[in-house]
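Chemist: In our numbering, the protein residues as written are 458 to 772.
C-beta: ideal position from N, C-alpha, C; glycine also.
(1) Does residue 745 come out as helix, strand or coil in the three-state DSSP assignment?
(2) Hey, would you say residue 774 sits closer than 8 angstroms to residue 626, going by beta carbons?
(3) Kindly list the residues whose CB is nearer than 7 angstroms to the CB of residue 504, restricted to its own chain and excluding five residues on each side of it in sequence; keep chain order.
(4) With a CB to CB cut of under 6 angstroms and the five nearest residues on each side skipped, what residues in its chain are close to residue 750?
(5) By a C-beta neighbour count over all protein chains shown, 10 Å radius and 16 as the cutoff for buried, is residue 731 buried or exposed?
(6) Report yes if the C-beta distance between residue 560 and residue 632 is below 8 angstroms; otherwise report no.
(7) Here's the rule: buried if 16 or more other CB atoms are within 10 angstroms of the residue's CB, otherwise exposed. What is residue 681?
(8) Nearest-angstrom Cα distance between residue 555 and residue 579?
(9) So what does residue 577 bridge to, in DSSP terms?
(10) Report yes if the C-beta distance between residue 674 and residue 725 is below 8 angstroms; otherwise report no.
(11) What residues in its chain sit with their C-beta under 6 angstroms from that of residue 752, if we drop five residues either side in the sequence?
(12) Assuming residue 712 and residue 670 are in contact, meaning their beta carbons sit under 8 angstroms apart, how far apart are those beta carbons, in whole angstroms?
(13) Could you tell me which residues DSSP puts in a beta bridge with residue 517?
(14) Taking the alpha carbon of residue 720 as the point to measure from, which residue in 755, 550, 677 and 704 has its own alpha carbon closest?
(15) Among 761, 489, 518 and 637, whose alpha-carbon lies nearest the alpha-carbon of residue 599?
(16) Measure the Cβ-Cβ separation of residue 629 and residue 583 and say whether it is below 8 angstroms.
(17) Starting from the C-beta of residue 519, find all residues in its chain whose C-beta is less than 8 angstroms away, skip the five residues before and the five after it, and write them out in chain order.
(18) Can you find the residues in the same chain that come closer than 7 angstroms, C-beta to C-beta, to residue 706, ignoring five residues on each side of it along the sequence?
(19) Can you look up residue 772 in the DSSP assignment and give me helix, strand or coil?
(20) Identify the continuous beta strand (DSSP E) that holds residue 641 and give its terminal residues.
(21) By Cβ distance, which residues of its chain are closer than 8 angstroms to residue 577, with the 5 residues on each side in sequence left out?
(22) Taking the beta carbon of residue 728 as the centre, do at least 16 other beta carbons fall within 10 Å, making it buried, or is it exposed?
(23) Using the Cβ count rule (16 or more neighbours within 10 Å means buried), how would you classify residue 594?
(24) Any idea if residue 643 is buried or exposed, counting beta-carbon neighbours within 10 angstroms, 16 or more meaning buried?
(25) State the Cα-Cα distance for the pair residue 634 and residue 563, rounded to the nearest angstrom.
(26) Could you pull out every residue in the same chain whose Cβ sits closer than 7 angstroms to the Cβ of residue 668, ignoring the five residues on either side in sequence?
(27) Does residue 512 come out as helix, strand or coil in the three-state DSSP assignment?
(28) Whose CA, out of 500, 622 and 758, lies closest to the CA of residue 683?
(29) Determine the burial state of residue 521: buried for a count of at least 16 other Cβ atoms within 10 Å of its Cβ, exposed for fewer.
(30) Which complete alpha helix (DSSP H) runs does the stretch 580-617 hold, if anything under 4 residues is left out?
(31) Distance check for residue 693 and residue 765, CA to CA, integer angstroms please.
(32) Thinking just about the alpha-carbon of each residue, which of 602, 581, 586 and 545 is nearest to the one in residue 575?
(33) What did DSSP end up calling residue 723 once you bin it into helix, strand or coil?
(34) If you drop the 5 nearest sequence neighbours on each side, which residues of the same chain put their C-beta closer than 7 angstroms to that of residue 612?
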């Protein structure tokens, strides 16, 4: 793989300043706004719906490229409070700042499309869906290779020059492009680190309901582990990535026998790690070395978890 260009210190400092300003005022620089007539939605129905957005497939009128438009649903209350708009600006600026083969490309924002008003985040359309959908159709695909792709994307995020905590790693947020490569996506819960502090430690449990199964114990109960808050960290990303590895090898959600939020939280905080999948899973590439590394990633002492570089080396 070729060398990935690193942002300069000056570039990173300017980015942090711009992100603070745009988040505070809920506005974006013109360079992030795409002309509405360049993005044409296919049909009228969304392809799928997420927690706060509808996902549409679109076409770029100039290039013919397939696009994904993540149309954010905003109520009148949301608009008047301004909070969702600030979060959208934060996610858009962060995503635009990232550039790596294993990060889903982001192109910008539209505020009108197909004659309708509304904020839409525009990124590359991934024809193979997320990794779990992909593996349902291609069960014999090389799973360690796909996980290595995703791990390299996370390694880029965690690098000193970029310093981004993803905050929402799970199978649904690893997309597969047209060549079969895996790319990280969905940076709505990401936190940018600046030095040793986070710019925003409020991106914790709010919005995490659908992510409980992948969350590290310190995010469920920070006080029990000697922490003041439940802010995502590089170490919690490592925990989540290992749980995602289990998900990919096992082919099901983590803790499948837990039906309720309380059951999930109790299992994680009490140290009940996922059991090693058996049977044909060994044919999917879950070696003893990979399993041993996964268990290290589930240490309740977050400082004992391996770095993402170590994960990359193992895969």
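Modeler: Considering the structure as presented:
(1) helix
(2) Here the chain comprises residues numbered 458 to 772, so residue 774 is not present and cannot be evaluated.
(3) 512, 513 and 514
(4) 771
(5) buried
(6) no
(7) exposed
(8) 14 angstroms
(9) 528 and 567
(10) yes
(11) none
(12) 6 angstroms
(13) 496
(14) 677
(15) 637
(16) no
(17) 495
(18) 600, 734, 738, 741 and 743
(19) coil
(20) 639-641
(21) 496, 513, 526, 527, 528, 529, 566, 567, 568 and 570
(22) exposed
(23) exposed
(24) buried
(25) 14 angstroms
(26) 625 and 627
(27) strand
(28) 758
(29) exposed
(30) 588-594 and 600-615
(31) 11 angstroms
(32) 545
(33) helix
(34) 765, 766 and 769
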